[in-house]
Amino acid sequence: MKALTSTLTATTETTPFGTLGCIRAGLPVLEVLEQTASLLECAEATGREAASLDAEQGRHLAWASLALLEQARAALNAAVAGLYRQRRESA
């Protein structure tokens, strides 16, 4: 139960991504993981739509899907970094 309780209080680490994005420090990890799941759902739906179109039409959706995946990866990395930081601090 202690591991779950500490996960509930863990927060993110600052994690830059792309040229303009950054996940800021201090966000609750569980909320970030929920948001990451939503980003991945959107990226999947956008990628499927892009695949169903011809190359010219699908190109813009493919780039949008990649941007969503980049955000999701950064959010996940920020959450994991926050969990590792919390583990180090509590040891």
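Counting with full-length UniProt numbering, you get residues 1 to 91 for the letters of the sequence shown. Yeah, the Cβ is synthetic: ideal placement off N, Cα and C, and Gly gets one too.
Exercise. Mapping DSSP to helix, strand and coil, what is Thr12?
Worked result: coil
Exercise. So, does the CB of Leu53 fall closer than 8 Å to a CB anywhere in chain C?
Worked result: The structure shown contains no chain C; it holds only a single protein chain.
For this session: Could you say which of Asp54, Ala25 and Glu49 lies nearest to Thr14 if we only look at CA atoms?
Result: Ala25
For this session: Confirm, please, whether the CB-CB distance from Thr46 to Leu27 is below 8 Å.
Result: no
For this session: Could you tell me whether the Cβ atoms of Gly21 and Ala74 are closer together than 8 Å?
Result: yes
For this session: Can you grab the Cα-Cα spacing for the pair Ala91 / Trp63, in whole Å?
Result: 42 Å
Exercise. Looking at the unbroken beta strand (DSSP E) that takes in Gly18, where does it start and where does it end?
Worked result: No beta strand (DSSP E) contains Gly18, which DSSP labels as neither H nor E.
Exercise. Hey, Ile23 and Ala78 are a contact pair by Cβ (cut 8 Å); roughly how many whole angstroms apart?
Worked result: 4 Å
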